[in-house]
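Each protein sequence line maps, in turn, to chains A and B. Going by my numbering, the first residue of the first sequence is number 53, and it counts up by one from there. Going by my numbering, the first residue of the second sequence is number 53, and it counts up by one from there. Accompanying notes for the structure given below.
Number of protein chains: 2
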Amino acid sequence: MARARVHNFFVSLDGYSAGETITLDQPIGSAERLFSRFDGRFIHGVDVADEPITLDRALTSTWGQGVGAEIMGRGKFGPQTGAWTDEDWRGWWGDAPPFRTPVVVLTHHRRDPLHFDNGTSFHFLDATPEDALAYAKDLADGQDVRIGGGPSTVRQFLTADLIDFMHLVTVPITLGTGVSLWDGQAEVQDRFTIESATSASGLIHHFWNRTITG
Amino acid sequence: MARARVHNFFVSLDGYSAGETITLDQPIGSAERLFSRFDGRFIHGVDVADEPITLDRALTSTWGQGVGAEIMGRGKFGPQTGAWTDEDWRGWWGDAPPFRTPVVVLTHHRRDPLHFDNGTSFHFLDATPEDALAYAKDLADGQDVRIGGGPSTVRQFLTADLIDFMHLVTVPITLGTGVSLWDGQAEVQDRFTIESATSASGLIHHFWNRTITG
Chain A
53 MARARVHNFF VSLDGYSAGE TITLDQPIGS AERLFSRFDG RFIHGVDVAD EPITLDRALT
113 STWGQGVGAE IMGRGKFGPQ TGAWTDEDWR GWWGDAPPFR TPVVVLTHHR RDPLHFDNGT
173 SFHFLDATPE DALAYAKDLA DGQDVRIGGG PSTVRQFLTA DLIDFMHLVT VPITLGTGVS
233 LWDGQAEVQD RFTIESATSA SGLIHHFWNR TITG
Chain B
53 MARARVHNFF VSLDGYSAGE TITLDQPIGS AERLFSRFDG RFIHGVDVAD EPITLDRALT
113 STWGQGVGAE IMGRGKFGPQ TGAWTDEDWR GWWGDAPPFR TPVVVLTHHR RDPLHFDNGT
173 SFHFLDATPE DALAYAKDLA DGQDVRIGGG PSTVRQFLTA DLIDFMHLVT VPITLGTGVS
233 LWDGQAEVQD RFTIESATSA SGLIHHFWNR TITG
């Protein structure tokens with residue numbers, strides 16, 4: 053049974069995972085300190101990570117395993133809002149986006165799919181979380197679907213009780229402002245079995261596995 | 053630069069990783085309790101692991117990442133000793149050994165290579181650790197080489213200072229007897245940077261990255 057999984061999702065001590073305003077210079081807004089103080093290369097497996105292989109990097113490497121598609125919010129794809137006026141924009145990642153699978157970009161504004169040579173494709177979809185997940189599972193061809201963020205997107209899927217697994221990472225810094233992962237999520241923990249582990253870097257890794265559906 | 057890596061290497065509190073006598077019924081001798089009390093499926097990635105995805109399983113999944121060949125001792129391949137009298141023996145693993153890469157089996161007794169449909173092949177070699185590693189690196193085609201055990205084989209490569217990385221797992225049980233990973237390895241830790249992390253299961257994971265060569 054294909055799962056919906058969240059991976060390497062960095063959260064500050066005060067609950068923020070992104071800044072409030074995304075610009076071309078600041079892809080995650082003012083929250084970039086979430087990644088700058090620690091090794092935030094959250095999309096690489098051990099096979100491409102530099103030495104040394106640390107706990108953080110080993111856990112990081114689960115990001116792509118068994119994943120056949122991603123769903124992301126429009127803010128993760130680019131800083132634009134509203135109708136697409138610049139169709140030359142093909143995401144932040146250049147000619148080889150790291151996903152290597154189909155990616156569903158949630159947006160109210162239609163656009164033709166984009167295809168890259170390395171297996172990545174972007175499919176722009178205006179849909180509820182339920183319908184987006186069904187669409188992505190179809191693209192994933194039996195593998196799991198990663199819910200790639202940002203935090204508002206993860207929250208939508210949590211609220212709809214569609215998340216089966218989350219690897220969250222507490223970064224021991226405060227941001228003071230930003231987009232919270234936890235807004236409106238009181239009691240979300242009741243649906244999960246939660247394990248946590250500290251790393252020598254100061255990061256705290258959480259494994260949330262859903263135990264109760266409903 | 054291709055590395056030599058040890059993964060998911062289970063060690064009891066008293067330092068044993070295998071029993072003294074390997075038989076057809078007991079592939080790791082009397083040390084099977086190392087695996088029976090905990091989830092010892094040490095060769096599966098997240099993509100094939102059952103739910104839930106725990107810390108233990110996430111770390112387990114680094115086993116095959118970026119690895120292009122394995123080196124194992126003869127005792128890991130089978131219980132026989134001396135000249136090959138039963139060439140029908142093709143290892144413990146049936147028609148689909150989990151390695152999916154070339155595997156170098158260290159033995160003083162020649163035998164023709166074995167090939168399996170899933171990409172696994174076994175190559176029987178009488179060589180020093182240095183020469184075996186050079187041979188395996190060639191087979192690995194630029195990827196890393198896993199030193200697959202048993203403990204005597206890992207010790208040989210440690211003594212020759214050929215190990216770049218070890219993921220060891222302390223299992224909180226005592227065995228009282230067996231083959232020790234640590235015999236003759238006094239001060240081995242001086243060549244490594246070591247990080248450790250506890251898991252909710254009671255296992256303790258260690259990441260040894262080599263920092264000093266010589």
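Glycine is no exception: its CB is placed at the ideal position from the N, C-alpha and C atoms.
Could you have a look at E72 (chain B) and say whether DSSP puts it in helix, strand or coil? The residue you call residue 72 (chain B) lines up with position 20 of the second sequence. Coil, per DSSP.
Can you pull the DSSP bridge partners for E247 (chain B)? As a working mapping, residue 247 (chain B) is identified with position 195 in the second sequence. BP columns for E247 (chain B) point to B:F259.
Is the segment 59 to 75 of chain B in contact with the segment 121 to 139 of chain A, if contact means three or more CB pairs nearer than 8 Å? No: the two stretches stay apart, fewer than three of their Cβ pairs being nearer than 8 Å.
Which same chain residues, not among the five before or five after I123 (chain A), have their C-beta less than 6 Å away from its C-beta? Translated into the one-based positions of the first sequence, residue 123 (chain A) becomes position 71. Hits under 6 Å: V156, A184, A188 and I199.
At least one CB of chain A closer than 8 Å to the CB of P154 (chain B): is that the case? Taking the first residue of the second sequence as 1, we reach residue 154 (chain B) at position 102. Chain A, which has no Cβ nearer than 8 Å to the Cβ of P154 (chain B), makes this no.
Assign Q117 (chain B) to buried or exposed, taking buried as 16 or more other Cβ atoms, counted over all protein chains shown, within 10 Å of its Cβ. Walking along the second sequence from the start, residue 117 (chain B) turns up at place 65. Buried is the call here.
Is there a C-beta anywhere in chain A that falls below 8 Å from the one on I105 (chain B)? Here the question's residue 105 (chain B) lines up with position 53 in the second sequence. So yes, I105 (chain B) belongs to the interface.
Within chain B, the residues that N170 (chain A) reaches when beta carbons sit closer than 9 Å: Residue mapping note: residue 170 (chain A) aligns to position 118 of the first sequence, counting from 1. Chain B residues near N170 (chain A): none, gap ~18 Å exceeds 9 Å.
Proximal residues of chain B, C-beta to C-beta of F259 (chain A) below 8 Å: Taking the first residue of the first sequence as position 1, residue 259 (chain A) is located at position 207. From the beta-carbon of F259 (chain A), the residues of chain B found nearer than 8 Å are P104, I105, T106, L107 and A110.
With a floor of 4 residues, list each alpha helix (DSSP H) that falls wholly inside the segment 190 to 233 of chain B, ordered by position along the chain. 203 to 211
Is the segment 79 to 86 of chain A close to the segment 210 to 218 of chain A, with three or more CB pairs under 8 Å? Result no; under three Cβ-Cβ pairs closer than 8 Å.
Between E122 (chain B) and chain A, is any beta-carbon pair separated by less than 8 Å? Counting from one through the second sequence, the residue named residue 122 (chain B) turns up at place 70. It does not: the Cβ of E122 (chain B) has no partner Cβ on chain A nearer than 8 Å.
I'd like to know whether the C-beta atoms of L255 (chain B) and E247 (chain A) end up nearer to each other than 8 Å. Here the question's residue 255 (chain B) lines up with position 203 in the second sequence. Here the question's residue 247 (chain A) lines up with position 195 in the first sequence. No, they are not a contact pair.
For F129 (chain B), the first and last residue of its enclosing alpha helix (DSSP H): Numbered from 1 along the second sequence, position 77 holds the residue referred to as residue 129 (chain B). Taken as a continuous stretch (DSSP letters only), the alpha helix (DSSP H) holding F129 (chain B) covers R126 to F129.
Given a cut-off of 8 Å on the beta-carbon distance, is the pair G125 (chain B) and G202 (chain B) in contact? Here residue 125 (chain B) is taken as the residue at index 73 of the second sequence, counted from 1. Here residue 202 (chain B) is taken as the residue at index 150 of the second sequence, counted from 1. Yes, they are a contact pair.
Pick helix, strand or coil for P149 (chain A), following the three-state DSSP scheme. Taking the first residue of the first sequence as position 1, residue 149 (chain A) is located at position 97. The answer is coil: DSSP assigns P149 (chain A) none of H, G, I, E or B.
Roughly how far, in whole angstroms, is the beta-carbon of E103 (chain B) from the beta-carbon of N261 (chain A), given that I think they are within contact range, below 8 Å? Residue mapping note: residue 103 (chain B) aligns to position 51 of the second sequence, counting from 1. Residue mapping note: residue 261 (chain A) aligns to position 209 of the first sequence, counting from 1. Contact holds; Cβ gap of about 6 Å.
What residues from chain E crowd round A252 (chain B), counting only those whose CB sits closer than 7 Å? In the structure shown, chain E does not exist; the protein chains are A and B.
Checking the sheet assignment: what are the DSSP bridge partners for I123 (chain A)? As a working note, residue 123 (chain A) is residue 71 in the first sequence. Per DSSP, A:V156 and A:I199.
Along chain A, which residues have their Cβ under 8 Å away from the Cβ of T114 (chain B)? Taking the second sequence and counting its residues from 1, the one referred to as residue 114 (chain B) is at position 62. Those within 8 Å of T114 (chain B) in chain A are V98, I105, A110 and S113.
Check whether the Cβ atoms of H219 (chain A) and L111 (chain A) sit closer than 8 Å, and answer yes or no. Taking the first sequence and counting its residues from 1, the one referred to as residue 219 (chain A) is at position 167. Taking the first sequence and counting its residues from 1, the one referred to as residue 111 (chain A) is at position 59. Yes, these two residues count as a Cβ contact at 8 Å.
Assess, as a yes-or-no matter, whether the segment 234 to 242 of chain B is touched by the segment 157 to 172 of chain B under the definition of 3 or more beta carbon pairs within less than 8 Å. no
Beta carbon of R152 (chain B), beta carbon of G127 (chain B): below 8 Å? As a working note, residue 152 (chain B) is residue 100 in the second sequence. As a working note, residue 127 (chain B) is residue 75 in the second sequence. No; because the gap between Cβ atoms is not below 8 Å, this pair is not in contact.
For the segment 211 to 228 of chain B, enumerate the residues whose C-beta is nearer than 8 Å to any C-beta of chain A, in chain order. D216, F217 and H219
Assigned exposure category for D216 (chain B) - 16 Cβ within 10 Å defines buried: The count along the second sequence starts at 1 and reaches residue 216 (chain B) at position 164. Its Cβ being crowded by 16 or more others within 10 Å, D216 (chain B) is buried.
Top-ranked residue by Cα proximity to D147 (chain B), from B:S173, B:V221, B:P224 and B:T159: Indexing the second sequence from 1 puts residue 147 (chain B) at position 95. Comparing C-alpha distances from D147 (chain B) to each of B:S173, B:V221, B:P224 and B:T159 shows the shortest one belongs to B:S173.
Rounded to the nearest angstrom, how far is the Cβ of A249 (chain B) from that of S253 (chain A), given a contact under 8 Å? The residue you call residue 249 (chain B) lines up with position 197 of the second sequence. The residue you call residue 253 (chain A) lines up with position 201 of the first sequence. Taking the Cβ atoms as the reference, A249 (chain B) lies roughly 11 Å from S253 (chain A), outside the contact range of under 8 Å.
How big is the Cα-Cα spacing for A186 (chain A) and D196 (chain B)? Locating residue 186 (chain A) in the first sequence gives position 134, counting from the first residue. Locating residue 196 (chain B) in the second sequence gives position 144, counting from the first residue. Taking the straight line joining both Cα atoms gives about 38 Å.
Here's the rule I'm using: 16 or more other beta-carbon atoms within 10 Å means buried, otherwise exposed. How should L76 (chain B) be labelled? Taking the second sequence and counting its residues from 1, one reaches residue 76 (chain B) at position 24. By the neighbour-count criterion, in which 16 or more other beta carbons inside 10 Å mark a residue as buried, L76 (chain B) falls on the exposed side.
Do F129 (chain A) and G120 (chain A) count as a contact pair if the criterion is CB distance below 8 Å? As a working mapping, residue 120 (chain A) is identified with position 68 in the first sequence. As a working mapping, residue 129 (chain A) is identified with position 77 in the first sequence. For the 8 Å CB-CB criterion, G120 (chain A) and F129 (chain A) do not form a contact.
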